[in-house]
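Chemist: My questions all concern the structure below.
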Amino acid sequence: MFLVKKAKHINIHTKFSLFIFITSITLCNITEASTILRQHLNDYNDTLHKENGKYLNSNEINTENAGATTTIYNSQQPKTLTLTAESSTKNQTKLLKCHCDICKDSNNVCETDGLCFTALSYEGGEYKYSYRCMNSKSLFPPDNPFWCKEVTPPELIINCCDKDFCNVKSTINTVEMTQSPRAHEESFTITQWSVFVAISAAIILFGGVLYFCYRHRQKNSGARQILPEDSVCGPNYPILNGHSIQDIIEMTTSGSGSAGLPLLVQRSIARQIQLIEVIGKGRFGEVWRGKWRGENVAVKIFSSREECSWFREAEIYQTIMLRHENILGFIAADNKDNGTWTQLWLVTDFHENGSLFDFLTARTVDSKTMLIMALTIATGLAHLHMDIVGTRGKPAIAHRDLKTKNILVKANLSCAIGDLGLAVRHDVSTDTVDIPSTHRVGTKRYMAPEVLDETINVTQFDSFKRADVYAFGLILWEIARRCNVGGIYDEYQLPYYDVVQPDPTIEEMRKVVCTDRQRPSIPNRWIASDALHSLSKVMKECWYQNPAARLTALRIKKTLANISDK
């Protein structure tokens, strides 16, 4: 009754599961029918004897008075039952007359609205027959009663029939009763295990559906209320009274010296964001444009298998003193349960122009914009590579996956470096590099020669900085190709587009970059432009084969600043 009442408060899926559960238990208990039937027949015998032989029709026999003979209980065989049906039950319009071996005063005749049956039991090496009536209340289900089914091993066999006195001449083959005790025990053990497994499976199924419905209800309630009622980060949390995310950052941080927003503020912001549209997809997951209090934000949603990348990127973004105008602004990191799986969110500033790759594909730039983009990328890279010493200093960081798709173009056409999921930090005190434990590697097309031929010294942090500089040189080449000078410019292409396929293998890149020592070609038209000519010199010094000969990010920043001032 408790289960039925509970079912009224859950949805139709749970009710269906409850039906399956109850039905499974009912069907599994068929094998226990023998015990019940024996008790019923025992009660039947006692009732007849108490009536002193008086005629007793089937209407006086309730459901609990139909069953098997009592002679079976002294048997040394396992207490199991097989029921064999000779014909299906039919709706009776009149009482059926049957032979009854214990109805002496009624001339061995009993009447019933159900079936006649013959029972054969085995006790002490002897076979005993019983002839009785079975009323309709005992026939469940009516079309195929449990009592008339076969169950192994046979110790009590019952034949059911639906004709007048049809059980008089009914015989049962005694060969079926001759199983050895060992066979009975083995079969009974298998039956027990079958019942146990079936019931367990039904319970697990029932529990699973209940859990799914519970999670679904939580999801629906969560849609109506963004934050839980007892959350300390509710809408009236004082820090969130700022008019914009920038206001909150200024209230809770002290410039670039902060390690990011407080965790509670991050969770509060993340849970008040409304996702609007997908703006990008990658191997990590998806990037969405979201809204927080009318302000656009970018939401990077990692797939569950990229949890290490999500954790690593959130960890790097919250490094002390990392915040910089040329590093993508980090807002929040949170894990959100959508009712089916856990989503890993990384919330950052949103830039309408998208990535540098998208921008250069669709648009050209003039010389001034080209230098602004190059200088701001170099400034951001120099800030990453810089080691700020102090009690709250910043460790040096190498990006390891620098490319145009990981650089964002701001509204003023300056750039910001993003996607720090593969970044490594340098620990000055131990002179070690904390390489992330992720399965991701950098983009093959932008890999430095020493990375491709695996000669890079991973114990030296400077090795990673030099690999970043190589990739930066390729980015300069991509920007310069789109520079419009006198109406002349090149179409956008990726580095090495003319010598490798769109998705090159490491072996292909190793042959081109390490063995053949090829580099992207410099068009002759660049010589005619001071800006392009100067930029071509810088990029050549970035992609030297010898890592130690390459410029540092700080040197590049200063050189580009000088070029821009001319």
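Number 485 in full-length UniProt numbering belongs to position 485 of the sequence shown; there are no gaps in the numbering.
Just so you know, even glycine gets a beta-carbon here, dropped at the ideal spot from N, CA and C.
What you are looking at is a predicted structure, and each value in this text was computed from that prediction instead of being measured.
Counting only C-beta atoms, is Ser-303 closer than 9 Å to chain D at any point?
Modeler: Within the model displayed, chain D is absent; a lone protein chain is all it includes.
Chemist: Return the residue from the list Leu-360, Ala-314, Arg-293 and Asp-143 that minimises the CA-CA distance to Glu-491.
Modeler: Closest by alpha carbon: Leu-360.
Chemist: Quick check: the Cα distance between Val-500 and Val-512, rounded to an integer number of angstroms?
Modeler: So the two alpha carbons sit approximately 8 Å from each other.
Chemist: Ser-130 and Thr-118: beta carbons closer than 9 Å?
Modeler: Yes; because the gap between Cβ atoms is below 9 Å, this pair is in contact.
Chemist: DSSP state of Met-386, grouped into three classes?
Modeler: In this structure, Met-386 counts as coil in the three-state DSSP scheme.
Chemist: Shortest alpha-carbon distance to Gly-285 belongs to which of Ile-273, Val-297, Leu-344 and Ile-506?
Modeler: The candidate whose alpha carbon is nearest that of Gly-285 is Leu-344.
Chemist: Consult DSSP for Glu-352 and reduce its assignment to one of helix, strand or coil.
Modeler: Glu-352 falls in the coil class under three-state DSSP.
Chemist: In terms of alpha-carbon separation, which member of Met-370, Asp-164 and Lys-128 lies closest to His-99?
Modeler: When each option's Cα is compared against that of His-99, the closest is Asp-164.
Chemist: Compare the Cα-Cα distances from Glu-454 to each of Ala-553, Val-365, Arg-510 and Tyr-127 and report the closest residue.
Modeler: The residue with the shortest Cα to Cα distance from Glu-454 is Arg-510.
Chemist: List, from N- to C-terminal side, the alpha helix (DSSP H) runs of 4 residues or more that fit wholly inside the stretch 478 to 550.
Modeler: If we require 4 residues or more, the alpha helix (DSSP H) runs fully inside the stretch 478 to 550 come out as 506 to 509 and 530 to 542.
Chemist: Using the rule of at least 16 other Cβ atoms within 10 Å of the residue's Cβ for burial, across every protein chain shown, is Ala-423 buried or exposed?
Modeler: Per the 10 Å Cβ criterion, buried.
Chemist: Does DSSP put Asp-427 in a helix, a strand or coil?
Modeler: Three-state result, Asp-427: strand.
Chemist: For Ser-304, which option in Ala-298, Asp-337 and His-324 has the closest C-alpha, if you only look at C-alpha atoms?
Modeler: For Ser-304, the nearest C-alpha among the options comes from Asp-337.
Chemist: Take Leu-139 as the anchor and find which of Gly-114, Pro-523 and Pro-502 has the nearest alpha-carbon.
Modeler: Ranking the options by Cα distance to Leu-139, first place goes to Gly-114.
Chemist: Within 10 angstroms of its Cβ, does Gly-380 collect 16 or more other Cβ (buried), or is it exposed?
Modeler: Burial call: buried.
Chemist: Can you tell me whether Leu-560 is buried or exposed? The criterion is at least 16 other CB atoms within 10 Å of its CB, across all chains shown.
Modeler: Buried, since its Cβ has 16 or more Cβ neighbours within 10 Å.
Chemist: Please state if the CB of Glu-313 and the CB of Leu-346 are separated by a distance shorter than 9 Å.
Modeler: Yes, they are a contact pair.
Chemist: Quick check: what's the CA-CA separation for Glu-325 versus Asp-366?
Modeler: Spanning the two alpha carbons is a distance of roughly 22 Å.
Chemist: Between Phe-146 and Lys-137, what straight-line distance do the alpha-carbon atoms span, to the nearest angstrom?
Modeler: Between Phe-146 and Lys-137, the C-alpha separation is close to 12 Å.
Chemist: For Phe-330, which residues does DSSP report across the bridge?
Modeler: Answer is Thr-348, bridged to Phe-330.
Chemist: Locate the alpha helix (DSSP H) running through Lys-557, then write down its first and last residues.
Modeler: Run containing Lys-557: 553 to 565, per the alpha helix (DSSP H) assignment.
Chemist: Count the other CB atoms within 10 Å of the CB of Ala-396; is the residue buried (16 or more) or exposed (fewer)?
Modeler: It is buried - the Cβ of Ala-396 has at least 16 other Cβ atoms within 10 Å.
Chemist: On the CB-based measure, 16 or more other CB atoms within 10 Å of its CB, does Tyr-211 come out buried or exposed?
Modeler: That one is exposed.
Chemist: Using three-state DSSP, classify Ala-223 as helix, strand or coil.
Modeler: Confidence in Ala-223 is poor, its pLDDT being 36 and thus under 50, which makes the residue's placement unreliable; the coordinate value appears in the next sentence. Here Ala-223 sits in helix by DSSP.
Chemist: From which residue to which residue does the alpha helix (DSSP H) around Phe-311 run?
Modeler: From DSSP, the alpha helix (DSSP H) with Phe-311 extends over 307 to 317.
Chemist: Look up Leu-275 in the DSSP assignment and say whether it is helix, strand or coil.
Modeler: Strand.
Chemist: Pick helix, strand or coil for Thr-396, following the three-state DSSP scheme.
Modeler: Inspection of the sequence shows that residue 396 is occupied by Ala rather than by Thr. Correct three-state label for Ala-396: coil.
Chemist: Would DSSP call Gly-380 helix, strand or coil?
Modeler: Helix.
Chemist: Comparing alpha-carbon positions, which option in Ile-102, Arg-525, Ala-298 and Met-447 lies nearest Tyr-470?
Modeler: Among Ile-102, Arg-525, Ala-298 and Met-447, the Cα nearest to that of Tyr-470 belongs to Met-447.
Chemist: May I ask you to report which of helix, strand or coil DSSP gives Glu-450?
Modeler: In the structure shown, Glu-450 sits in a helix (DSSP, three-state: H, G or I).
Chemist: How about the stretch 423 to 437 and the stretch 514 to 528: do they share at least three Cβ pairs that are nearer than 8 Å?
Modeler: The stretch 423 to 437 vs the stretch 514 to 528: no contact.
Chemist: In the DSSP assignment, the beta strand (DSSP E) including Trp-159 goes from what residue to what residue?
Modeler: Correcting the residue type first, residue 159 is Asn in the shown sequence and not Trp. Residues 156 to 161.
Chemist: Compare the beta carbon distance of Phe-472 and Ile-377 with 9 Å and say whether it is the shorter of the two.
Modeler: Yes. Within cutoff.
Chemist: Kindly list the residues whose CB is nearer than 6 Å to the CB of Glu-277, restricted to its own chain and excluding five residues on each side of it in sequence; keep chain order.
Modeler: Here the set comprises Arg-289.
Chemist: Can you tell me the Cα-Cα spacing of Ile-479 and His-383, whole angstroms?
Modeler: Distance between the alpha carbons of Ile-479 and His-383 is about 21 Å.
Chemist: For Asn-546, I'd like the list of residues in its chain whose CB is within less than 8 Å of its CB, leaving aside the five on either flank, ordered along the chain.
Modeler: Around Asn-546: no qualifying Cβ.
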